[in-house]
Amino acid sequence: MQLAVGPLDVARWQFGVTTVYHFLFIPLTISLSALTAGMQTAWVRTGKDTYLRATKFWGKLFLINIAMGVVTGIVQEFQFGMNWSDYSRFVGDIFGAPLAFEALIAFFFESTFVGLWIFGWDKLPRRIHLACIWMVSLGTILSAYFILAANSWMQHPVGYRYNPTTKRAELTDFWAVLTQDTALAQFFHTMSASFLTGAAFMIGIAAYHLARKQHISVMRSSLRLALVTAVVAGALTAISGDTLGKVMFKQQPMKMAAAEALWDGQKGAPFSIFAVGDVDKGHNEVAIDLPNLLSFLADDSFTSYVPGINDVNKAEQAKYGPGDYRPNIPVAYWGFRWMIGFGVVSIGVGAAGLWLTRRRFWLAPEHRTDDDEVPRLMLTRGIRIGDGPARWYWRIALWTMVFPLLANSWGWIFTETGRQPWVVYGVLRTKNAVSPGVSTGEVITSLTVFTLLYGLLAVIEVRLLAKYAKAGPPELTDDDRRSPTRIGGDRTDDADADRPMAFSY
């Protein structure tokens, strides 16, 4: 059998590859900026060197990540014109507003305060310098909100009218686009998942150093902050995911049915644990279910009716005309489960860490280091660093860094593929959004170039993060501990005036 591949298929692959890759950096940028700001706030309030060293350490990793996020994000804008010109022409009036706000915030507001924070350590008063990193954190959150509002419009278009003359969607209510329940639920879920991602990142690196008895005071503080963040963010991720699922049930019943491989609608619909089905025949050959749970999750009632894939497909054929309105069922089904599975494991590691750190014990003299004001590690009493259960926890915690990233990626794959064959749900089909003048060979060429380029950037990103993460927090100098009391600084000696600017440190 010969597989025919056209520009549409390759363009979708290209957008999927670049988007998933770019989104690896977004949650870390959002969460690390806030966690770094929290560490710096603790230093400003207490003056303790531990918090200053932690701020500089996590801040450097944050800067590496945000730089890579900006580089990979630029490609997303170009693709709308390269491969999706008909889509851009149709939704340009809608997308122009939120993307303009995002650009202003991301590239002016956010980047301005990033620059002030990088080069303002010995130039700005402590509290003003602290305000800069909090402004960066606020900028990342607002930037994400506008992007998610635009994406939510694709999931549930509101606040527009269709102009049959120009054959374009025209914005009529920008406030409706920003505040619809899809955007709010998706924002809540994405933010909580982002902080779970940053917490797992911090847990993994702290575990690496604690297992090697390095930088104990800094990593102990970082671990505690990360564990609390992981548990709180994990709980919020579960709550927001439930809210988003209920919104999805009302607005995109096909996506809900595909996520559960529910072929025929029924009251008291079951939640699928495992299923193997025949897409052509439209039924499951193997199914392990929890009775009635899907109805409850979808509509807060164990007896609610949930339409199945076959039902929704027939309804959409009657509404929109002949065609197959089913997404890729295996991808939607397993993507949904991988998202939940990796997320639950991350939450579990955070909860286990909090349980293990519920008591403190004194380190043996041979494990004490000069940087320990209080030479203790928060673990179950009687367990030394690197011994017994603690050793296994460090190993698991290190791998936990990857789990939320995988959960995020599968979550977006499910979100976008579950909407197919629509690029704008119920309004514009994906096959009608691709650029008409682009050949398969041209898209394959750009896909190959972007994939190779992103592979190279991945190597650079991982090596940079690994290098600075392994190096640990920097030792402090007297200049690090001093801070100007007014804008412009209080040191006017020639050596300071001629000193070149450094990369934040």
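Residue numbers for the sequence shown follow full-length UniProt numbering, beginning at 1 and rising by one.
Glycine included, each C-beta is placed from N, C-alpha and C at the ideal position.
Distance between residue j and residue i (C-alpha atoms, nearest Å)
i, j, result
"Ile460", "Ala469", "14 Å"
"Leu294", "Ser272", "8 Å"
"Trp13", "Leu453", "15 Å"
"Arg89", "Arg168", "7 Å"
"Leu130", "Met248", "40 Å"
"Val5", "Val443", "11 Å"
"Leu8", "Pro436", "10 Å"
"Thr229", "Ala199", "6 Å"
"Leu138", "Ser111", "12 Å"
"Ala97", "Asp173", "11 Å"
"Phe187", "Tyr145", "6 Å"
"Asn151", "Ala458", "26 Å"
"Glu366", "Asp299", "Low confidence applies to Glu366: its pLDDT is 46, below 50, so where it sits in the model is not reliable, and the reading given next is rough at best. When rounded, the distance between both Cα atoms is 59 Å."
"Arg499", "Gly120", "Its pLDDT being 44, under 50, Arg499 is placed unreliably by the model, and nothing is read from it."
"Pro322", "His189", "35 Å"
"Ser504", "Val231", "Since pLDDT at Ser504 reaches only 41, below the 50 mark, its modelled position is unreliable, and no value is offered."
"Pro164", "Glu170", "11 Å"
"Ala226", "Val286", "40 Å"
"Phe101", "Val136", "15 Å"
"Lys60", "Ala37", "12 Å"
"Pro291", "Phe302", "9 Å"
"Gly16", "Phe414", "11 Å"
"Leu354", "Gly348", "10 Å"
"Thr237", "Arg45", "30 Å"
"Thr55", "Phe62", "10 Å"
"Ala94", "Arg429", "It should be pointed out that residue 94 corresponds to Ile in this sequence rather than to Ala. Taking the straight line joining both Cα atoms gives about 17 Å."
Same chain, Cβ closer than 8 Å to residue i, five either side skipped, listed in chain order
i, result
"Asp387", "Note that Asp387 has pLDDT 49, beneath the 50 cutoff, so the model's placement of it is unreliable and the number below is only indicative. There are no such residues."
"Asp324", "Asn313, Pro421"
"Thr18", "Thr72, Val75, Gln76, Gln79, Phe450, Tyr454"
"Phe342", "Phe403, Pro404, Leu406, Ala407, Trp410"
"Asp86", "Asn432, Ala433, Val434, Ser435, Pro436"
"Tyr51", "Met39, Gln40, Ala42, Trp43, Ser221"
Beta strand (DSSP E) segment containing residue i, residue limits
i, result
"Phe274", "271-278"
"Arg127", "Looking at the DSSP string, Arg127 is not in any beta strand (DSSP E); the run it does join, the alpha helix (DSSP H), is 126-155."
"His283", "283-290"
Beta-carbon contacts of residue i that lie in its chain and below 6 Å, excluding the five residues immediately before and after
i, result
"Gly411", "Met339"
"Val449", "none"
"Gly308", "Ala257, Leu262, Trp263, Asp264, Gly265"
"Val374", "Any answer about Val374 is weak, because its pLDDT of 33 lies below 50 and its placement is not dependable; what the coordinates show is given next. So the list is empty, once near-sequence residues are dropped."
"Pro404", "Leu196, Thr197, Ala200, Ser346"
"Val20", "Ser409"
"Pro327", "Ala258, Thr417, Gly418, Gln420"
"His156", "Thr182, Gln251"
"Ala106", "Ser143"
"Val114", "Val136"
"Asp49", "Leu476"
"Val424", "Met154, Pro157"
Residues sharing a beta bridge with residue i, DSSP
i, result
"Asp173", "DSSP lists no partner for Asp173."
"Tyr162", "Ala169"
"Tyr305", "Lys267"
"Leu428", "Val424"
Per-residue DSSP class, three states only, for residue i
i, result
"Lys267", "strand"
"Pro422", "The sequence shown places Trp at residue 422, rather than the Pro named in the question. Here Trp422 sits in strand by DSSP."
"Asp242", "helix"
"Val402", "coil"
"Gln317", "helix"
"Asp122", "coil"
"Val44", "helix"
"Gln252", "coil"
"Gly437", "coil"
"Thr357", "coil"
"Leu35", "helix"
"Pro27", "helix"
"Leu476", "coil"
Start and end residues, alpha helix (DSSP H) containing residue i
i, result
"Leu452", "440-471"
"Ser85", "85-104"
"Ser111", "111-119"
"Phe260", "The sequence as given places Glu at residue 260; Phe does not occur at that position. It is not in any alpha helix (DSSP H) - Glu260 carries neither H nor E in the DSSP assignment."
"Asn328", "Element bounds for Asn328: n/a, residue is neither H nor E."
"Val17", "7-23"
"His209", "181-211"
"Thr55", "49-82"
"residue 542", "There is no way to answer for residue 542, as the model of the chain reaches only from 1 to 505."
Neighbour flag for residue i against chain C, beta carbons, 8 Å
i, result
"Pro270", "This model lacks chain C altogether, as it is built from one protein chain only."
7 Å CB neighbourhood of residue i in its chain, flanking five on each side removed
i, result
"Asp289", "Pro270, Phe271, Ser272, Ile273"
"Ala176", "Val158, Gly159"
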